[in-house]
């Protein structure tokens, strides 16, 4: 299995620009999670989906953040407009229906200047 | 009180020794517990899961769970320099969400 795939691996953008992060979960996994990791706040859950439906977006910091999952094999996290404080590593993780173990992708390191 | 607490470390142990990593959690209804290893600049990697009180062994790793004390630990036997990483404790507290601790940095010196 290829594991969770994320793109891009690195993104450098200027403040005010739109940023789109992409994730392909492990085939057959019904849950998809978006996390953000910073030194100050650690690993934070932003939003998660079950069967392509957003279940809990309480961790999304503000309206500038949005996430979609149009099908079982693709999800996006969009930041518009981006700000320097959004600089972090964004991880996508997935898991199966009957188990709680989550598997992480390689992450996207976002730098907003 | 944080939901999942870990000592940030660093925990320094000599090569060949046993490294003991600890984690406490606040919610008694928590049912599932996980240890992830994260190398610098990499993503968290699942190394152990435990659901029942007691010990669970996998190779050099042993996870220990005590629900009465709300305590979960990870023992690494015969520690190697390649074990040097940050170890994250995660707890399944509510529905499908995992709550992560801030991690303990382990350093294994030759």
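Chains as they are written, first to last, in the working numbering: chain A, 5 to 117; chain P, 3 to 112. Idealized CB from N, CA, C, for every residue including glycine. Small disclaimer: the values here were computed from a predicted structure and weren't measured.
Decide if the stretch 23-31 of chain P is in contact with the stretch 51-65 of chain P; the criterion is three or more beta carbon pairs, one per stretch, under 8 angstroms apart.
-> no
Using the beta-carbon of each residue, which ones in chain P are nearer than 8 angstroms to residue 12 of chain A?
-> Simply none; closest approach about 15 angstroms.
Would DSSP call residue 86 of chain P helix, strand or coil?
-> coil
Residue 72 of chain A - containing beta strand (DSSP E), residue span | 69-75
Minimum Cβ-Cβ distance from residue 102 of chain P to chain A less than 9 angstroms = yes
Which residues of chain A have a Cβ atom closer than 8 angstroms to the Cβ of residue 55 of chain P, listed in chain order?
-> Ordered by position in chain A, no residue passes the 8 angstroms Cβ test against residue 55 of chain P, which lies about 17 angstroms from the chain.
Exposed unless 16 or more other CB atoms sit within 10 angstroms - verdict on residue 33 of chain A = buried
For the 8 angstroms Cβ check, are there 3 or more pairs between the stretch 8-22 of chain P and the stretch 101-108 of chain P?
-> yes
For residue 95 of chain A, which option in A/26, A/16 and A/6 has the closest C-alpha, if you only look at C-alpha atoms?
-> A/26
Is residue 65 of chain A helix, strand or coil when you go by DSSP?
-> coil
Apart from the five residues on each side of it in sequence, which residues of its chain come closer than 7 angstroms, Cβ to Cβ, to residue 84 of chain A?
-> Cβ neighbours of residue 84 of chain A beyond the five flanking positions: 22 and 68.
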